[in-house]
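These notes are about the structure you will find just below.
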Amino acid sequence: MTFDVNHPILFVLAGFLVAVVLGQSVYSLVKAIRRSKAIGMDQIKIKKTIKTAAVFTIAPAVSIVISVIALSKSLGLPLPWLRLSVVGSLSYETIAAENAVSAMGLTLGKIDALTAQQYVNISLVMTISIMMGIWLVPVIGKKLLGGMSSLENRDAKWADILQSAMFIGMIAAFLGYVFSDFSMLWNPVEGVAATTALIPVCVMAVSAIIMALCGLLMKKLNWKWLGDYALPISLILGMASAIPITAWLS
Amino acid sequence: MKKELSYIDSVHRDGRIWNLGVMVLLMMFPLTVAFLFGASPDWKALGLGLLATAPMYWAVGIIETITFTPMLGAGGSYLSFVTGNISNLKLPCALNALEQNEVSANSEEGEIISTIAIATSSIVTTIIIIIGVVCIVPLTPILEAPVLEPAFHQMLPALFGGLGVVFVSKNWKISIAPVVLMLLLFIFVPACNAGTVGIMVPVSVVFTIAVSRLLYKRGVL
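Going down the list, the sequences are from chains A and B. Start counting the first sequence at 1; every next residue gets the next number (our numbering). Start counting the second sequence at 1001; every next residue gets the next number (our numbering).
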């Protein structure tokens, strides 16, 4: 068989693995819904949760498709399809592929056609290097969550605060990240307008204002339905605002 | 008599089977390609490639597992660590669902809601990627249109702007210190940038927990 990065057999292999991962998601969803019924949870709320999660996911999922397209130019379609359907990201997969190829004395993007051996090396490096979480959760997940449960029993108030602190910690890191180019305002980089540093900050501000407006409308006009769509709305309008903001500040 | 498993125990049992099964199957992809096309790996280059990539991502993987698992819950964790995009998709999705349903992440209801949100998000993501792969030819010029590029480039600020308003306003006392610290670090320390934000998440989480504990002990919270 002559190797090609888009060989039909690679689509079959990747498709099979994607189907298995899809199967795990469907299985988890069905199991959780059944349990929600068994303990008498409000099924209208469950349906709303599904609807909101689905709507919220669309824009980030489309950005993953863009990553698949970007990677497919050097790696063909099946491997990026598989890698970005499971744990991975554009930056990680690119770094892993570049490291795998450069270890063979080559440069990714400057290879006319990958050989089967190069392809195997790239996919092995990509797969092994990011495997940690997949097997570590089965090993330590139960113990970690058991610790949270016993904390909840010992001191419920602190357990709640701890949970909020973890969420806030994550959000704070990303809020900081939005300002990561801010120093360009006083340390300009040649060829780049200093004001580009303000683009993510302005986009974040737009999204935050929209979310605050949604909250206000929910409170003042009693538009409770808006709560289900507030995050997707702020995400999509925030992203849309990036188009004129970028044109203005670049 | 056989002891009946609790829901949470069965989630752990099933999660272990799924994750270890998926792990083996993922490894089978390169090995099957090698077998089918008669191409054994270049072992020396593989070692070098792994040495350049794996240690950092394994370290990040350990930290992420410890940091994210208590936030995602059992069902959500098993699934998220297989399907990825945790901090930019699965976790915000779960947080939003918990917030909308006004349930604690530590409760069984929270566990169920978080799993439902993450599983739905995983299914939708997988289906959209499949559509993208099937329709790659007509979709490429649209998705790669220069006019749309800034929108997708600024997804994270748009996501955390909205999420930040909800969570910071509800927990402003514990938010001030970590937000100020992260702003200072990301503005003034060049090593804190888009590439290292994943590493800064656990740093920020540990700092926020420490500050919260202090405030709690002093009766401020």
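Even glycine gets a Cβ: it sits at the ideal position worked out from N, Cα and C.
Within chain B, no residue has its beta carbon less than 8 Å from that of Asn6/A; the closest one is some 10 Å off. Membership of Val203/A in the alpha helix (DSSP H) is indicated by the continuous run Ile199 to Lys220.
DSSP, reduced to helix, strand and coil, places Ala173/A within a helical segment of the structure shown.
Listed along chain A are Pro138, each with a C-beta nearer than 7 Å to that of Arg1016/B. By the criterion of a C-beta distance shorter than 8 Å, Leu249/A is surrounded in its chain by Ala193, Thr195, Thr196, Leu198, Ile199 and Cys202, once the five residues flanking it on both sides are discounted.
When DSSP states are grouped into helix, strand and coil, Arg1013/B belongs to the helix group. For Ser1114/B, the closest alpha carbon among the candidates Ala53/A, Leu82/A and Ser67/A is that of Ala53/A.
In this structure Ala1074/B is buried. Its beta-carbon is surrounded by 16 or more other beta-carbon atoms within 10 angstroms. Scanning Ser1212/B, Ser1040/B and Gly1084/B for the CA closest to the CA of Val21/A turns up Gly1084/B. From the beta-carbon of Gly1049/B, the residues of chain A found nearer than 7 Å are Asn99, Ala100, Ala103, Asn121 and Val125. Taken through DSSP and simplified to helix, strand or coil, Ile111/A comes out as coil. Excluding residues up to 5 positions away in sequence, Ala197 lie with their Cβ nearer than 6 Å to the Cβ of Asp181/A in the same chain. In this structure Met126/A is in contact with Glu93/A, their Cβ atoms being roughly 6 Å apart against a cut-off of 8 Å. Linking Val1134/B to Ile1128/B through their CA atoms gives a straight-line distance of about 10 Å. Between the stretch 205-218 of chain A and the stretch 1011-1023 of chain B, the count of Cβ pairs shorter than 8 Å is below three; the stretches do not touch. For Pro1150/B, the neighbours in chain A by C-beta distance under 7 Å run, in chain order, Ala242, Ile243 and Thr246.
For Gln24/A, the enclosing alpha helix (DSSP H) has its first and last residue at Pro8 to Ala38.
Here the stretch 152-160 of chain A does not lie against the stretch 1028-1036 of chain B, with fewer than 3 beta-carbon pairs under 8 Å apart.
Secondary structure at Gly141/A: helix, using DSSP grouped into helix, strand and coil. Taking each of Leu108/A, Ile50/A and Lys45/A in turn and checking the Cα distance to Ala70/A, the smallest one comes out for Leu108/A. Interface flag for Glu93/A against chain B is unset, since no Cβ pair is found closer than 8 Å. Below the 8 Å Cβ cutoff, chain B contributes His1012 and Ala1074 as neighbours of Lys142/A, in chain order.
Rounded to the nearest whole angstrom, the CA to CA distance from Ser164/A to Ser102/A is 43 Å. Collapsing the DSSP output to three states places Arg1218/B in coil. Below 8 Å, enough C-beta pairs join the stretch 1101-1120 of chain B and the stretch 1060-1080 of chain B to call them touching: three or more. Around Ala100/A, the same chain offers Asn121, Ile122 and Val125 as residues with beta carbons nearer than 6 Å, after the five sequence neighbours per side are excluded. For Lys1044/B, the enclosing alpha helix (DSSP H) starts and ends at Trp1043 to Thr1083. Met1056/B sits exposed, since fewer than 16 C-beta atoms from the chains shown fall within 10 Å of its C-beta.
Taking the Cα positions, Val1165/B is about 7 Å away from Ala212/A.
For a Cβ distance threshold of 7 Å, residue set Met41 of chain A lies close to Glu1109/B, ordered along the chain. For Ile95/A, the enclosing alpha helix (DSSP H) has its first and last residue at Leu90 to Ser102. Interface residue (Cβ-Cβ distance to chain B less than 8 Å): Ile44/A is not classified as such. DSSP places Phe1035/B in the helix class (H, G or I) of the three-state scheme. Distance between Val1201/B and Trp1172/B, taken at the CA atoms: about 18 Å.
Using a Cβ-Cβ distance cut-off of 8 Å, the stretch 239-246 of chain A and the stretch 1194-1209 of chain B are not in contact, since fewer than three pairs of beta carbons, one from each stretch, lie closer than that value. Contacts with chain B at 8 Å (Cβ-Cβ) do not include Ala193/A.
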